[in-house]
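Below is one structure; the comments refer to it alone.
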Amino acid sequence: MSGKPKLTYFNGRGRMESIRWLLAAAGVEFEEDFLETREQYLKLIQDGHLLFDQVPLVEIDGMKMVQTKAILSYIAGKHNLYGKGLKERAFIDTYVEGTTDLMQMILTLPFSPPEAKKKNLPLIIEKAKNRYFPAYEKALKQHGQGFLVGNQLSWADVHLLEAILMVEEKEPTVLSEFPLLQGFKTRISNMPTIKKFLQPGSQRKPQPDDKYVATVMKILKEG
Ligand code: GTS
114 MSGKPKLTYF
124 NGRGRMESIR
134 WLLAAAGVEF
144 EEDFLETREQ
154 YLKLIQDGHL
164 LFDQVPLVEI
174 DGMKMVQTKA
184 ILSYIAGKHN
194 LYGKGLKERA
204 FIDTYVEGTT
214 DLMQMILTLP
224 FSPPEAKKKN
234 LPLIIEKAKN
244 RYFPAYEKAL
254 KQHGQGFLVG
264 NQLSWADVHL
274 LEAILMVEEK
284 EPTVLSEFPL
294 LQGFKTRISN
304 MPTIKKFLQP
314 GSQRKPQPDD
324 KYVATVMKIL
334 KEG
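According to the numbering used here, the stretch in the sequence shown is residues 114 to 336, in order.
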């Protein structure tokens, strides 16, 4: 056992991608086990490794953790990315929930039928522009510290950058009306650990394609 956290999930973004982002931002090296077959998934269940029969699974510090949010909170707390005190933590949780809601809509898109995909993408971009990004622009303005919470990088910043890049993949000009978010994106992207994660060859995963969707469906669906 190397002592590095071990991540078990499909070879794609999904719910695990934010965990990869947060570990990378914290400068933590990690190993990955990719699920390619339903048999692998069923074996994890049979061996009692998945508390709710679900992935992501992260083996860390002697624990076999499931539930994305619990895993992320643990990593954030362990690596000083979870603010100072209860109030900063409450703000971080609030901002993270917002970006989770936004990213969740994009993550589920490839799994929806073609008509829903076509209809929902413009609605998601509209929500990013009119609901989520104005809120983060305002938060940065009011806080005035270059970070969302406190005066150092937190989980909220890492998550927001992930969300910005995800929406930009769909709509490259989405930040044109948000000058503070543009500056935020440049600043946070250039932090050494994050810069490294954004370079080709890192463990960051590409946008899901049809093959990825088919693999996930095959592994999770019976019959
Ligand atoms: N609340 C859980 C979390 O956030 O970790 C949900 C996990 C979840 O639904 N995982 C899916 C799963 O294992 C895989 S995916 O949605 O991440 O692709 N589903 C199997 C099942 O039987 O629910």
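The beta carbon of each residue, even a glycine, is placed where N, CA and C say it ideally should be.
Taken through DSSP and simplified to helix, strand or coil, Met176 comes out as strand. Per DSSP, the beta-bridge partners of Asp146 are Thr121.
Per the C-alpha coordinates, the member of Tyr187, Leu294, Asn303, Asn233 positioned closest to Gln255 is Leu294. Glu142 is not a Cβ neighbour of Lys182, given a cutoff of 8 Å.
Between the alpha carbons of Phe246 and Gln159 lies a distance of about 43 Å.
When distances are taken from the beta-carbon of Arg128 to the heavy atoms of the ligand GTS, the shortest one is below 7 Å. Beta-bridge partners assigned by DSSP to Val171: Leu120, Met178. Within the same chain, Ile132, Pro169, Val171, Ile173, Met178 come within 8 Å of Ile184 by CB-CB distance, once the 5 residues on both sides are set aside.
Per the Cβ contact rule, the stretch 261-270 is not in contact with the stretch 215-230 (fewer than 3 Cβ pairs under 8 Å). Excluding five sequence positions before and after Ser267, the CB atoms of its chain that fall closer than 7 Å to its own CB belong to Leu194, Tyr195, Gly196, Ile205, Phe260, Leu261, given in chain order. A Cβ-Cβ contact shorter than 8 Å links Leu274 with Ile301. Counting C-beta pairs with one atom in each stretch, the stretch 146-160 and the stretch 198-212 have fewer than three that are closer than 8 Å, which means they do not touch. Buried is the label assigned to Ala269, since at least 16 other Cβ atoms lie within 10 Å of its Cβ. Annotation: the continuous alpha helix (DSSP H) that includes Ser302 extends over 292-302. The residue from Gln167, Leu164, Glu210 with its alpha-carbon nearest to that of Ser186 is Glu210.
Gly125 counts as buried, since at least 16 other C-beta atoms from the protein chains shown sit within 10 angstroms of its C-beta.
Judged by DSSP secondary structure, Gln255 falls within the alpha helix (DSSP H) whose first and last residues are 246-256.
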